[in-house]
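Residue numbers (this note's numbering), protein chains in the order written: chain V, 1 to 110; chain G, 1001 to 1405.
Here's the structure we're looking at; comments come further down.
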Amino acid sequence: MSWIDIGHIDDIPLRGARLVKTPVGCVAIFRTAEAEVFAASNACPHKAGPLSEGIIHGQKVTCPLHNWVFDLNTGEAQGADEGRIATYPVRLDGERILLDGHAVGKRSAA
Amino acid sequence: MAAVAALPRDAEICGCNGVCKGQIEDAINAGAGDLGAVRAKTKASASCGTCTGLVEQILGATLGDAFVLPTAQPVCGCTDLSHEDVRRLIKSQALKSQEAVWQELGWTTRNGCHTCRPAVNFYLLADWPLDYVDDPQSRFVNERNHANIQKDGTYSVMPRMWGGMTTPQELMAIAQAAEKYGATVKVTGGQRIDLLGVKKEDLPAIWHDLNQAGMVSGHAYTKGLRTVKTCVGSEWCRFGTQDSTGLGIALERRLWGSWTPHKVKLGVSGCPRNCAEATCKDVGIVCVDSGFQIGVAGAAGMDVKETERLVDVRTEDEAMEWTVAFVQLYRENAKYLDRPYKWVAKVGLDWVKETLADAAERQALVERFDISQSVYQKDPWAERAKPEVARRFHPLADLTLEAAE
């Protein structure tokens, strides 16, 4: 693990998401509760819909293009849809959001 | 039911998701015993919903007497309550926040889902405009980003053109914005101009440019007032009986910014030749020599339906009052995602007419509409073009920069 500080928790609205550009592509950081965050690939495996623009409910996100629903713990599509999004280690240190640099393809972290 | 029973197993039932009759039958035989279960298993009727009746008929044909057509559908899997129940309880129990709805009405999920949350958000803001604060995170992407997302993740941007009128200055500003942000230009069916292919990061900047030329959001992305289509009316047309353009502009300026259960489109035609196609709108006004014929509950989308006459009035002020009162009655009573024609079919045009015929009730509806407008009639583009808000349209961090070492 190499934790990189990517921002303040309040940079992401409650039940909202923001993007982080990484060497493995755009990663969406989801804020599912006051102090609960998840990180996953931004692209829906169906038609590449931007998941960071989806409605976030519980620990799930609904793709804005065709309503595929993903569990942010596992990345697995729910219901009849089959597919999975990559998830990445992310945690809170107080009010700072830390993302694992190794997991998103950064070779050397600061 | 007989016709559906006779269909072959490979007959496509759901055109949105490509689901055949056989897949639906297999899901039912594997235990999916109601519409919700079939939707969850197969996605049939889970997109636009027009094949819902067919899916229910397949349920009936497969299960026989074991299938009882439900009278009131629950909002979603988070609750057993119907939309109508939820609306009634929000009013009667004075529930003024999402948390109150989840707790008092026994929601089974932490904070709803993509189906119920936008509906509850609308019901709360429509019933308690001064108490409830609109929640952008309970809105579909288009209403949150104030532009229409396209299949490639870019957005389309559509400034308002009041009553379909514009000026050379506005057109030059639109042309400059199109060039600057590399947009494709499309003329829409609602008498305005769409700029397609704009990147999310560029939205605050293009809004700022359009704001500078005096234009505001056209709300082409909302369950709210869209356009008021007009003809040139008595100002230009040799047949025009009234100033249909002027009335259309006045209506649009009064109604814009209001949130409604589904989108609302108006039309005003200057004579019965009806060049503005007013008779297939949610509210369509046809001007005649003696005044204004107000029709409601038309449709020209998934269904095509002519408006039904609400009332004939003599003056523009009366036409305005009846239209605003009708829209407010719809806002206060309809199920989320029912267009006015669907709502009127449920409550009956006679009930709508009776309610609005009472002058005091009409006035009260107009007053409640104006209270809501005191909160919601503001340009969302201007608010988000400010630098501190515009930052949210950009990535939180960029970790690719040093990776190039």
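In this text, a Cβ means the ideal position worked out from N, Cα and C, and glycines have one as well.
Look at the region 1121-1145 of chain G: the residues with a C-beta under 9 Å from a C-beta of chain V are D1135, P1136, Q1137, S1138, R1139, F1140, V1141, N1142, R1144, N1145. Taking CB atoms only, V/N67 has a neighbour in chain G less than 8 Å away. For G/V1347, the secondary structure class from DSSP, reduced to helix, strand or coil, is helix. Closest by C-alpha distance to G/A1011, out of G/N1029, G/V1264, G/L1054, is G/L1054.
Around the beta carbon of G/Q1169, fewer than 16 other beta carbons sit within 10 angstroms, so the residue counts as exposed. G/N1121 and G/V1286 have their C-alpha atoms roughly 35 Å apart.
Identification of chain V residues near G/N1029 by a Cβ-Cβ cut-off of 9 Å yields none; the smallest Cβ-Cβ distance measures about 16 Å.
What G/K1043 touches in chain V, judged by beta-carbon distance under 7 Å, is A80, going in chain order. Per the Cβ contact rule, the region 36-55 of chain V is not in contact with the region 1098-1107 of chain G (fewer than 3 Cβ pairs under 8 Å).
Taking the CA atoms as reference points, G/K1353 sits about 16 Å from G/R1331.
Remark: C-beta atoms of G/C1116 and G/V1141 do not approach each other more closely than 8 Å. Nearest CB-CB separation between V/I56 and chain G: below the 8 Å threshold. Taking a Cβ-Cβ threshold of 8 Å, the residues of chain V close to G/K1151 are K47, L65, in chain order. Of the residues assessed, G/D1243 falls on the buried side of the cut-off, its CB having 16 or more other CB atoms within 10 angstroms. Looking at G/K1043, G/D1398, G/F1393, the one whose alpha-carbon comes closest to that of G/K1200 is G/F1393.
Taken in chain order, the complete alpha helix (DSSP H) segments of 4 residues or longer contained in the region 1207-1288 of chain G are 1233-1236, 1244-1255. Between the alpha carbons of G/A1220 and G/T1050 lies a distance of about 23 Å.
Each of G/P1272, G/Y1341, G/G1190 was checked against the Cα of G/G1298, and the nearest Cα belongs to G/Y1341. Secondary structure remark: continuous alpha helix (DSSP H) runs of at least 4 residues inside the region 1116-1176 of chain G, in chain order: 1116-1127, 1141-1145. DSSP places V/S52 within a helical segment (H, G or I) once states are collapsed to three. Collapsing the DSSP output to three states places G/T1184 in a strand. Rounded to the nearest whole angstrom, the C-alpha separation of V/I85 and G/L1225 is 37 Å. In chain G, no part has a C-beta under 8 Å from the C-beta of V/V37; the shortest such distance is about 11 Å. For V/P13, the closest of V/P50, V/F30, V/V61 by C-alpha to C-alpha distance is V/F30. Using a C-beta cut-off of 8 Å, the region 1155-1167 of chain G makes contact with the region 1232-1252 of chain G, since at least three inter-stretch Cβ pairs fall below that distance. For G/R1384, the enclosing alpha helix (DSSP H) starts and ends at 1380-1384. Within a 10 Å sphere around the beta-carbon of V/H8 sit fewer than 16 other beta-carbons, which makes this residue exposed. Nearest to V/E82 by alpha-carbon distance, out of V/P45, V/D5, V/G105, is V/P45. Residue-level contact check: V/E76 does not touch chain G, since none of the beta carbons of chain G fall below 8 Å from its beta carbon. V/V90 is outside the set of residues whose beta carbon lies under 8 Å from a beta carbon in chain G. G/I1024 places its beta carbon less than 8 Å from that of G/I1013. No Cβ-Cβ contact shorter than 8 Å links G/F1292 with G/L1310. Per DSSP, the continuous alpha helix (DSSP H) segment holding G/G1036 begins and ends at 1035-1042.
Straight-line measurement puts the Cα of V/T32 at about 13 Å from the Cα of V/L92.
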